[in-house]
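Everything below concerns the one structure shown next.
As structure tokens, this is what we get:
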């Protein structure tokens with residue numbers, strides 16, 4: 001009998017099914033890990049926790065669908081799976097929204113959390129809700145403050161005055177990582193400027209080598225793109241630190257260079273105009289020089305870092321009327337201030353070798369400074385050094401080395417020239433020899449430098465973790481005693497939260513007043529912490545989120561951590577992941593944890609687009625998650641996300657079909673109600689083709705799922721459901737044990753993607769326990785052996801026949817069958833067979849003369 005997918009007596013209603021199972025799951029606390037025997041193997045699956053900026057959106061629908069597939073899969077494999085959820089609830093968006101609406105940031109934040117939580121529950125995500133946390137709770141940021149004080153005690157948190165990235169719209173500083181490549185703020189979109197402030201930093205540069213070298217541990221389990229981005233951001237360079245004497249200055253001027261072999265080619269020095277070094281050097285010069293420098297510095301401060309690094313810009317600068325001495329040849333080198341050198345590179349100054357660096361050359365040409373070639377790029381780097389005579393150059397037989405004339409710096413390898421004892425050496429040997437010479441003279445040494453800068457954590461905003469430091473009247477700094485933590489935020493009543501360049505906390509007069517343990521008056525620090533501090537360790541707080549006595553339990557960390565699978569967007573490839581790796585290494589060094597990398601494996605999802613573009617209200621292509629959930633139900637949305645393609649690819653919602661997903665789920669659900677055999681029926685006998693397809697899926701699904709090929713598994717499920725339908729309608733019928741076997745396997749695998757439908761199928765099949773823990777059965781290897789294979793028979797390279805044969809057939813028998821084929825005999829005709837090649841059981845090649 002044929003079954004109509006729209007049979008009203010067999011009505012699939014996902015909203016009715018959701019309403020049925022949600023309260024049951026909530027009542028049974030199905031996914032809490034407490035009480036599960038310690039003997040079970042464990043998996044810690046974590047999604048990057050959301051920011052509560054309104055309801056969930058389609059990007060959340062994608063990311064959390066993938067994370068839940070992974071969590072549910074490992075439960076089906078017999079693991080005790082920790083899959084917690086929390087909210088990254090401090091930060092600028094909440095504060096800006098509160099200012100706009102005239103409400104307290106906490107009101108806006110916690111209302112959004114309640115809305116998102118309700119949507120997560122409707123979406124059927126298998127979270128352990130007993131571990132829910134919010135980073136804006138005092139019970140959480142208490143431990144942010146403990147972490148800060150721990151780093152402060154170990155010398156890894158410090159305060160200094162320096163030029164920082166300033167967002168003129170949000171009126172707060174930004175870490176380097178929060179400035180986009182075009183020089184704008186990732187938050188407000190404003191052009192970031194430099195401003196000198198005294199700020200708090202975490203000394204992440206102390207861990208630069210480990211952060212870089214330990215990436216090797218993550219190769220193959222992290223996306224290669226993310227590893228490359230982290231390597232580039234840390235940006236280790238090797239070379240030498242060279243000390244230059246400065247006339248009239250007692251202290252030497254240290255300079256880092258990656259090319260110590262070119263030291264004989266240095267013809268001037270350049271310092272960053274916004275560096276402390278430049279200010280010190282110009283302090284002892286004439287009023288005219290000081291005035292010119294001040295005007296230039298004001299001009300530079302109006303430029304973004306991106307503009308300053310633009311190689312196509314005309315070079316600008318000012319001579320400081322100071323001179324340095326080249327330590328290898330005693331030459332006097334003029335010192336200039338120029339904006340193409342940045343204050344946070346090395347010590348804020350460089351030696352300029354214009355013949356071999358394009359930016360230095362452009363500057364030398366602009367201000368008519370000397371250019372000396374010290375690498376003959378025409379000379380081979382191996383073999384004998386050729387003799388180049390002036391006559392050869394005159395005749396044009398050898399290209400002239402004239403970068404000042406051509407305007408092009410010489411970047412190639414070659415042999416050192418004009419370099420005294422280094423003449424004739426290759427670049428590599430020249431570098432090694434120069435470092436030896438510098439060390440012998442006591443004016444330099446081998447060194448490394450990094451693109452990475454210390455993590456600036458101060459923020460001049462209200463909605464964040466207060467920094468637990470007291471400022472005495474004499475300027476000394478004192479930690480807030482741990483017994484007084486958490487240092488809570490004050491009430492917003494009477495506070496103006498609008499950004500104005502200083503922290504709103506500074507205006508909380510009563511809150512700012514404090515007393516030191518010895519009774520002296522003090523003031524609290526008015527800044528709050530960067531919210532990336534909150535997310536740098538939150539995965540550890542999930543292990544005991546309600547413990548008031550410690551940040552996390554090291555014993556629980558030893559059992560559960562590190563994270564087995566982390567799921568989230570590639571936009572966090574540098575910021576969040578780098579900071580979490582840093583804090584993990586610090587906690588390891590302090591003996592709190594026994595691992596050095598927080599996330600064993602990372603899965604990045606793509607974006608959800610609409611009609612080829614990022615969704616936005618202004619484009620009129622916004623798809624609301626709540627609307628899609630109402631229209632199609634959670635299961636259809638989740639299955640659509642899984643089926644759309646590889647997780648890392650973008651999904652265009654205009655190209656996918658939640659309606660099609662819903663029809664497939666309805667088809668599978670109806671079959672579960674047609675099965676007439678009992679749950680106790682033995683999985684033996686029945687339709688062999690259906691059994692083979694079922695066990696092939698059981699054999700293949702684990703590998704596909706662990707490789708995140710969710711779309712392939714969904715396609716295989718669809719094929720199996722169609723085969724079940726065919727077996728019921730035209731084969732042995734719904735009572736065949738093979739039908740029950742197949743639909744039970746479908747229900748278990750579908751539970752990863754569409755848990756509501758799968759749970760209802762499982763009940764309809766006669767079970768009382770949850771399908772979420774039914775477990776993947778093992779494939780029967782005897783059913784994976786093919787009954788027959790197709791052998792291709794070729795004559796003179798052309799396919800003449802296809803024969804269905806046993807996979808165990810031997811070469812002799814296969815050749816006999818091939819020769820007996822009428823099609824083959826006709827192709828051979830009267831020709832003589834020259835050669836026969838048999839590759840049993842798949843191929844026979846017959847060649848004729």
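Numbering (the UniProt record's numbering), first residue to last: 1 to 849.
All residues carry an ideal CB built from backbone N, CA and C; glycine is no exception.
Output the boundary residues of the beta strand (DSSP E) element that contains residue 319.
Taken as a continuous stretch (DSSP letters only), the beta strand (DSSP E) holding residue 319 covers 317 to 325.
Leaving out five residues on either side along the sequence, give the residues of the same chain with a beta carbon under 8 Å from the beta carbon of residue 445.
Around residue 445: 240, 241, 435, 438 and 439.
From this set, 705, 234, 693 and 63, which residue's C-alpha is nearest residue 743's C-alpha?
693
From residue 765 to residue 688, what does the alpha carbon distance come to, in whole angstroms?
Using only the alpha carbons, I get a separation of about 21 Å.
Apply the 10 Å Cβ neighbour rule to residue 834 and answer buried if 16 or more other Cβ atoms are within range, or exposed otherwise.
So residue 834 ends up on the exposed side.
With 16 other CB atoms within 10 Å as the buried threshold, where does residue 194 fall?
Residue 194 should be labelled buried.
Just confirm the distance between the C-beta atoms of residue 267 and residue 372, as a whole number of angstroms; I'd bet it's less than 8 Å.
The beta-carbon distance between residue 267 and residue 372, rounded to whole angstroms, is 6 Å. This is short enough to meet the 8 Å contact definition.
Helix, strand or coil, according to DSSP, for residue 126 in the structure here?
coil
Thinking just about the alpha-carbon of each residue, which of 496, 423 and 520 is nearest to the one in residue 470?
520
Please name the residue in 468, 683, 72 and 403 whose C-alpha comes closest to that of residue 522.
The candidate whose alpha carbon is nearest that of residue 522 is 468.
For the structure I just gave you, are there three or more beta carbon pairs, one from the stretch 658 to 675 and one from the stretch 613 to 626, closer than 8 Å?
Segments in contact, no.
Do residue 772 and residue 210 come within 8 Å of each other at the CB atom, strictly closer than that value?
no
Helix, strand or coil for residue 659 per DSSP?
Here residue 659 sits in helix by DSSP.
For residue 368, count neighbouring C-beta atoms within 10 Å of its own C-beta (all shown protein chains included) and say buried if the count is 16 or more, exposed if not.
exposed
Grab me the residues of residue 93's own chain with a C-beta within less than 6 Å of its C-beta, minus the 5 sequence neighbours each way, in chain order.
53
Since residue 583 is in the alpha helix (DSSP H), which residue starts that stretch and which ends it?
575 to 589
Taking only the alpha-carbon atoms, compute the straight-line gap between residue 248 and residue 443 and give it to the nearest angstrom.
18 Å
If you draw a straight line from the C-alpha of residue 321 to the C-alpha of residue 455, how long is it?
35 Å
What is the rounded straight-line gap between the Cα of residue 836 and the Cα of residue 847?
Taking the straight line from one Cα to the other gives about 6 Å.
Quick check on this structure: which residue in 364, 284, 403 and 447 has the alpha carbon closest to the alpha carbon of residue 347?
447
So, helix, strand or coil for residue 680, using DSSP?
Reduced to three states, the DSSP call for residue 680 is coil.
By Cβ distance below 7 Å, which residues in the same chain neighbour residue 746 in space, the five residues on each side in sequence not counted?
These residues qualify, in order along the chain: 668, 717, 720 and 721.
Under a Cβ-count criterion, where at least 16 other Cβ atoms within 10 Å of its own Cβ denotes burial, should residue 299 be classed as buried or exposed?
By the neighbour-count rule (16 or more Cβ atoms within 10 Å), residue 299 is not buried but exposed.
Thinking C-beta only, is residue 699 closer than 8 Å to residue 784?
yes
Determine the DSSP secondary structure at residue 610, reduced to helix, strand or coil.
strand
Please report the residue range of the alpha helix (DSSP H) in which residue 635 lies.
In this chain, the alpha helix (DSSP H) harbouring residue 635 covers 634 to 643.
Answer with buried or exposed for residue 118, where buried requires no fewer than 16 other C-beta atoms within 10 angstroms of its C-beta.
exposed
Tell me the DSSP secondary structure of residue 804 in three-state form.
strand
Where does residue 845 fall in DSSP's three states?
strand
Can we say the stretch 594 to 607 touches the stretch 213 to 229, given the rule of at least three CB pairs closer than 8 Å?
yes
Report yes if the CB atom of residue 851 is closer than 8 Å to the CB atom of residue 538, and no otherwise.
Residue 851 lies beyond the range of the chain shown here (1 to 849); nothing can be said about it.
Name the DSSP beta bridge partners of residue 257, please?
240
Could you round the C-beta distance between residue 409 and residue 339 to whole angstroms and report it? I think they count as a contact, below 8 Å.
Approximately 19 Å separates the beta-carbon atoms of residue 409 and residue 339; this is outside 8 Å, ruling out the contact.
Please say whether residue 505 and residue 542 have beta carbons closer to each other than 8 Å?
no
Quick one: give me the first and last residue of the alpha helix (DSSP H) that residue 429 is part of.
Segment 427 to 441, the alpha helix (DSSP H) holding residue 429.
Three or more C-beta pairs under 8 Å: does that hold for the stretch 560 to 580 against the stretch 57 to 67?
yes
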